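Take 1 as the starting number for the sequence shown in this note's numbering and just add one per residue.
All C-beta atoms in this analysis are idealised placements derived from N, C-alpha and C, irrespective of residue type, glycine included.
In this text, all values refer to a predicted model and were calculated from it rather than measured experimentally.
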Amino acid sequence: MKDALLVNDEDRAILRTNKRVRNLLCFVSIGLLFSLVNIALVSVTFAVVNNRLKPSSNDNKLSLDSTYAESIRIDEVMVHLRELQRLATANNRTRAVNTYGFNQTLDYITDYLSTNTNYRVKKTFFPVKNFALVRNPILLSSVDGIIKNHTYSTNLSVAEFVHVPYSTSLAFSDFVPLTAIPNYGCSDADWLAASPTPTGHVALVQGGDCNFAEKSTIAAKYHPIALLFYNDATFPQPMIFSLFQTNELPALFLSYYLGQALADAARNPSWNASVHINIDVMNKGTFPVGNICADTPTGDVTRTIVIGSHSDSVTAGPGINDNGKLTYLCVTWSKVVN
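This is the structure we're talking about:
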């Protein structure tokens, strides 16, 4: 982009931004809205943090040759992170969506932007579907006549599989054959090449090339009975992620080791690989989720830079690493450029 230049050479980062460019900061609760500028800002901030935390053999401070980068102070960063931690601690150690910790996070961001910048701050709410497990899901596998009952747990270090939010309910009366989708299930060609056909089977889909919600959207065209996702050996534990709210397929997420073992078995017809699944979810209606957008009062509306982060944590923790660092990036950047 002509008005924004990033030079990232190990610990040196330079960001030049034309003051005429209009800035828009958006804090969203579900998913991330990133632009190249957002990625650039992350690089700049991390370079600052890295340089200032490194032990030095001399008193000379490395200059980043950037007014913006030099103006981001570690002590100010820690103020924001400690406040997010305080909000989580006061609310059962979480700032997840639909909790007091999340709503107080929105209030904190709104108050900070209103007090420290001249941005036009707007908070809006939209409805999100709310589903809950009635009971723990069940997954049995049968490979070459050997039946195994696999471990469900919210503790990812011991779980062989986890529930996928926005999965639909499912109760098998018998074992259903498996099919392993070639490649990553991100194209029609992948699903058309599957043998046996996905229709009437439970499809095993590995992570890669596109996100899992996109995989489920493509899968719906080929009518599998259910989806079993798994990642690669780099991240062997089951993952917690959400499908789209419009999803109509049952789904579970497996550990890499279980997913790969079942995929290998599914590719060998003589092993008669199949699974028995029970997922019981309850529709609990909708709940409101807040978004914050802070827009500069001046600038060219045709040259808007969007910097965004999600403002919620997972239910299992305070979300200081994810998403705290991106929240502080946005609020700190807003004050710097203001």
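- Our two residues, V128 and T197, have alpha carbons roughly 34 Å apart in a direct line.
- Positions of the beta strand (DSSP E) runs, each at least 3 residues long and wholly inside the stretch 197-260, are given as 202-206, 226-230 and 251-254 in order along the chain.
- In the assembly as shown, P224 is a buried residue. Its beta-carbon has 16 or more other beta-carbons within 10 Å.
- Counting C-beta atoms within 10 angstroms of its own C-beta, R73 has fewer than 16 neighbours from the protein chains shown and is therefore classed as exposed.
- Fewer than three pairs of CB atoms, one per stretch, sit closer than 8 Å, so the stretch 263-271 makes no contact with the stretch 99-106.
- Look at the beta carbons and you see the stretch 179-193 not touching the stretch 158-168: under three pairs across the two are nearer than 8 Å.
- A check of alpha carbon separations from P297 across E76, K122, L84 and L87 identifies K122 as the nearest.
- The C-alpha of A316 lies about 21 Å from the C-alpha of T286.
- Look at N92 here: in three-state DSSP terms it is coil, with no helix or strand label.
- Here G101 carries a helix assignment [DSSP, helix/strand/coil].
- Around the beta-carbon of I147, fewer than 16 other beta-carbon atoms lie within 10 Å, marking it exposed.
- Between F161 and L252, the C-beta gap is smaller than 7 Å, which places the two residues in contact.
- F212 is the residue among S216, N321, F212 and A261 whose C-alpha sits nearest the C-alpha of M239.
- Under the DSSP assignment, D190 falls outside any beta strand (DSSP E), being part of the alpha helix (DSSP H) whose first and last residues are D188 to L192.
- Contact annotation: L113 and G324 have beta-carbon atoms that are not nearer than 7 Å.
- Under DSSP, the beta-bridge partners assigned to V176 are V275.
- Excluding sequence positions up to five before and after G200, its CB lies within less than 7 Å of the CB of I225, all in the same chain and listed in chain order.
- DSSP places L87 in the helix class (H, G or I) of the three-state scheme.
- G319 sits buried, since 16 or more C-beta atoms from the chains shown fall within 10 Å of its C-beta.
- Short of 6 Å from the beta carbon of F241, and not among the five residues preceding or following it, lie these beta carbons of its own chain, in chain order: F212.
- Beta bridge pairing from DSSP links I146 with V143.
- In the three-state reduction of the DSSP assignment, V281 falls in the strand class.
- With contacts defined as CB atoms closer than 7 Å, Q237 and L156 qualify as a contacting pair.
- A straight-line Cα-Cα distance of about 38 Å links G259 and L106.
- With 16 or more other Cβ atoms inside 10 Å of its own Cβ, P137 counts as buried.
- Approximately 7 Å separates the beta-carbon atoms of A88 and S313; this is inside 8 Å, confirming the contact.
- Contact annotation, S274 with S142: C-beta distance approximately 5 Å; criterion of less than 8 Å satisfied.
- Within the model, the alpha-carbon separation for A233 versus S255 is close to 9 Å.
- Apart from sequence neighbours up to five positions away, the residues of its chain that approach D209 with a beta-carbon distance below 7 Å are Y184 and C186, ordered along the chain.
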